[in-house]
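Residue numbers (the working numbering), protein chains in the order written: chain A, 91 to 246; chain B, 91 to 246.
Below: one structure, written as structure tokens.
2 protein chains.
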Amino acid sequence: MFQKLFGSYKIILLYGLSLAGLLFLMRWLEFRLLILDHATELYAAAIAIIFMVLGIWLAKHLSKPKTVLVEKTVYVDQSENFVRNEKVLDELGISKRELEVLELMAQGLSNNEIAARLFVSLNTIKTHSSKLFEKLEVSRRTQAVEVAKRIGIIPL
Amino acid sequence: MFQKLFGSYKIILLYGLSLAGLLFLMRWLEFRLLILDHATELYAAAIAIIFMVLGIWLAKHLSKPKTVLVEKTVYVDQSENFVRNEKVLDELGISKRELEVLELMAQGLSNNEIAARLFVSLNTIKTHSSKLFEKLEVSRRTQAVEVAKRIGIIPL
DNA sequence: CGTAAAATCACCCGAAAGTATGAGTGATAA
DNA sequence: TTATCACTCATACTTTCGGGTGATTTTACG
Chain A
91 MFQKLFGSYK IILLYGLSLA GLLFLMRWLE FRLLILDHAT ELYAAAIAII FMVLGIWLAK
151 HLSKPKTVLV EKTVYVDQSE NFVRNEKVLD ELGISKRELE VLELMAQGLS NNEIAARLFV
211 SLNTIKTHSS KLFEKLEVSR RTQAVEVAKR IGIIPL
Chain B
91 MFQKLFGSYK IILLYGLSLA GLLFLMRWLE FRLLILDHAT ELYAAAIAII FMVLGIWLAK
151 HLSKPKTVLV EKTVYVDQSE NFVRNEKVLD ELGISKRELE VLELMAQGLS NNEIAARLFV
211 SLNTIKTHSS KLFEKLEVSR RTQAVEVAKR IGIIPL
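This is how it looks when you write it as structure tokens:
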């Protein structure tokens, strides 16, 4: 409140000056129109218009803008912004290679396909998957994938 | 709405009052220095105040509210609000029993476990899964689960 | 009532998956 | 230097999976 008042101090000064000018204009109009017929009516109309405009202007500039908050809900697909749970990955002691195997497993690849993809032997993949199952405390690849997705080490 | 504007209303009111005071001061000065007809002046002041208030009121009530769009991001937990894609299910001709098997498959259960769970023989589960693979156009259970989740017939 | 679709089960066989165990290599930390 | 660990690969063995085929029983529907 006070901060706002101080902030608009310059503006208020400006108002004061313009108001002073306006009053002088009034005085002048009064002096000029006093001689004419229906001078009072014209004078009053002029004052009415000028002050109404001033009022509008004041309201526009001194009032806080009317704001209407419109909430737009944005549904975000989790699979898009996946962040790997490195902590869990570390706690379970899952290595990089094992994670690679796990990811390919999740894509539905067979051990042979994974072996070919990673340029290693089938037995190597078997070893990796066995260790993976131990660490994830499962006994099948399908369960491994299930658990891995749930604990956030591979995307859903 | 009015509560929000109350702060600035006070400023404007204050300004209006000081303006009135100024006019009265002028009037007083005028009265003290020169003797003039003051009926017109008071009339003018009244008009000025009334129309300024009117202007303020008009501005307040006729101004369009500024709309501020606030985006609210909602992370959708797909597993919670899952709606089965019945259409696809029908198009692929997947039966109730097959769907049951598929769901248990997705949980990582072996055929034997599924058989025990559904109180049927292992061979029955094999038949179901075989037909499922045909309908889903896959050749492995992991792929079946993968596809099924993607096309929305089982929750992610 | 008859028929089609679904569900059930069986047997065989090969492929894939998983278990157990051992071992070699390279990088890194104690 | 030794020890540890990740990664690699291998052999042997068991279990599970998936394909193929065929059959019987339910269930649903016109």
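Ideal Cβ placement from N, Cα and C applies to all residues, glycine included.
Please read these numbers as outputs of a predicted model, since none were measured by experiment.
Review point. Quick one: is Glu224 (chain A) buried, meaning 16 or more other Cβ sit within 10 Å of its Cβ, or exposed?
Key: Position 134 of the first sequence, counted from the first residue, corresponds to residue 224 (chain A). It counts as exposed.
Exercise for review: Please confirm whether Val191 (chain B) and Gly198 (chain A) have their CB atoms less than 9 Å apart.
Suggested key: Working through the second sequence from its first residue, we reach residue 191 (chain B) at position 101. Working through the first sequence from its first residue, we reach residue 198 (chain A) at position 108. No.
Practice item. Give the interface partners of Ser200 (chain A) over in chain B, defined as CB-CB distance under 7 Å, in chain order. Key: For this step, residue 200 (chain A) is matched to residue 110 along the first sequence. Result: Arg230.
Check your understanding: So is Ala138 (chain B) in contact with chain A if we call contact Cβ pairs under 9 Å?
Key -> Numbered from its first residue, the second sequence carries residue 138 (chain B) at position 48. Yes - at least one Cβ of chain A is within 9 Å of the one on Ala138 (chain B).
Check your understanding: Since Ser211 (chain A) is in the alpha helix (DSSP H), which residue starts that stretch and which ends it?
Key -> Mapped onto the first sequence, residue 211 (chain A) falls at position 121. Segment: none, Ser211 (chain A) is in no alpha helix (DSSP H) and carries neither H nor E.
Point to revise | Boundaries (first-last residue) of the alpha helix (DSSP H) holding Leu189 (chain A) | key: As a first step, residue 189 (chain A) must be located in the first sequence, where it is residue number 99. That run of the alpha helix (DSSP H) goes Lys186 to Ala196.
Review point. Count the other CB atoms within 10 Å of the CB of Val235 (chain B); is the residue buried (16 or more) or exposed (fewer)?
Key: One-based indexing of the second sequence puts residue 235 (chain B) at position 145. Buried, by the Cβ-count rule.
Exercise for review: May I have the straight-line CA-CA distance separating Ser200 (chain B) from Lys221 (chain B), to the nearest angstrom?
Suggested key: Taking the second sequence and counting its residues from 1, the one referred to as residue 200 (chain B) is at position 110. Taking the second sequence and counting its residues from 1, the one referred to as residue 221 (chain B) is at position 131. Whole-angstrom Cα-Cα distance: 16 Å.
Exercise for review: Would you mind reading off the limits of the alpha helix (DSSP H) that contains Leu179 (chain A)?
Suggested key: Taking the first sequence and counting its residues from 1, the one referred to as residue 179 (chain A) is at position 89. Element bounds for Leu179 (chain A): Glu176 to Glu181.
Exercise for review: Could you check the C-alpha separation between Ile241 (chain A) and Val178 (chain A) for me, to the nearest Å?
Suggested key: Here residue 241 (chain A) is taken as the residue at index 151 of the first sequence, counted from 1. Here residue 178 (chain A) is taken as the residue at index 88 of the first sequence, counted from 1. Ile241 (chain A) and Val178 (chain A): Cα-Cα distance of roughly 8 Å.
Check your understanding: Any idea what DSSP makes of Ile139 (chain B), helix, strand or coil?
Key -> Along the second sequence, read from residue 1 onward, the residue named residue 139 (chain B) stands at position 49. It is helical.
Review point. Would you call Ser185 (chain A) buried or exposed, if buried means 16 or more other Cβ atoms sit within 10 Å of its Cβ?
Key: Within the first sequence, the letter at position 95 stands for residue 185 (chain A). Exposed.
Review point. Is Leu194 (chain A) near Leu208 (chain A), with beta carbons less than 9 Å apart?
Key: Along the first sequence, read from residue 1 onward, the residue named residue 194 (chain A) stands at position 104. Along the first sequence, read from residue 1 onward, the residue named residue 208 (chain A) stands at position 118. In contact: Leu194 (chain A) and Leu208 (chain A) (Cβ atoms closer than 9 Å).
Review point. Just reading off the alpha helix (DSSP H) that Glu236 (chain B) is part of, what are its end residues?
Key: Along the second sequence, read from residue 1 onward, the residue named residue 236 (chain B) stands at position 146. Glu236 (chain B) -> alpha helix (DSSP H) spans Arg231 to Arg240.
Exercise for review: Could you check what DSSP says for Asn171 (chain B) in three-state terms: helix, strand or coil?
Suggested key: Sequence index remark: in the second sequence, residue 171 (chain B) carries index 81 (1-based). Asn171 (chain B) falls in the coil class under three-state DSSP.
Review point. Is Ala196 (chain B) close to chain A, meaning its C-beta is less than 9 Å from at least one C-beta of that chain?
Key: Here the question's residue 196 (chain B) lines up with position 106 in the second sequence. Answer yes: the Cβ-Cβ gap between Ala196 (chain B) and chain A drops below 9 Å somewhere.
**Study point:** Helix, strand or coil at Glu227 (chain A) according to DSSP, with G and I counted as helix
**Key:** What you label residue 227 (chain A) is simply residue 137 of the first sequence in a count that begins at 1. Of the three classes helix, strand and coil, the one that applies to Glu227 (chain A) here is coil, per DSSP.
Check your understanding: Helix, strand or coil: how does DSSP classify Ser200 (chain A) here?
Key -> Translated into the one-based positions of the first sequence, residue 200 (chain A) becomes position 110. Of the three classes helix, strand and coil, the one that applies to Ser200 (chain A) here is coil, per DSSP.
**Study point:** Chain-ordered chain A contacts of Val235 (chain B) [CB-CB under 7 Å]
**Key:** If you number the second sequence from 1, residue 235 (chain B) lands on position 145. Those within 7 Å of Val235 (chain B) in chain A are Thr232.
Point to revise | For Leu246 (chain B), the three-state DSSP class (helix, strand or coil) | key: Here residue 246 (chain B) refers to the residue found at position 156 of the second sequence. Leu246 (chain B) falls in the coil class under three-state DSSP.
Check your understanding: Rounded to a whole number of angstroms, what is the C-alpha to C-alpha distance between Leu144 (chain B) and Leu113 (chain A)?
Key -> Taking the first residue of the second sequence as 1, we reach residue 144 (chain B) at position 54. Taking the first residue of the first sequence as 1, we reach residue 113 (chain A) at position 23. About 19 Å.
Point to revise | Chain-ordered residues of the region 218–229 of chain A with a beta carbon less than 9 Å from chain B | key: Val228 and Ser229
**Study point:** Inter-residue Cα distance where the pair is Ile243 (chain B) and Leu212 (chain B)
**Key:** As a position in the second sequence, residue 243 (chain B) is number 153, starting the count at 1. As a position in the second sequence, residue 212 (chain B) is number 122, starting the count at 1. So the two alpha carbons sit approximately 24 Å from each other.
Point to revise | Beta-carbon spacing of Thr232 (chain A), Arg187 (chain B) below 9 Å | key: For the purposes of this step, residue 232 (chain A) is taken as residue 142 along the first sequence, with counting starting at 1. For the purposes of this step, residue 187 (chain B) is taken as residue 97 along the second sequence, with counting starting at 1. No, they are not a contact pair.
Exercise for review: Please state if the CB of Thr214 (chain B) and the CB of Ala206 (chain B) are separated by a distance shorter than 9 Å.
Suggested key: Position 116 of the second sequence, counted from the first residue, corresponds to residue 206 (chain B). Position 124 of the second sequence, counted from the first residue, corresponds to residue 214 (chain B). No, they are not a contact pair.
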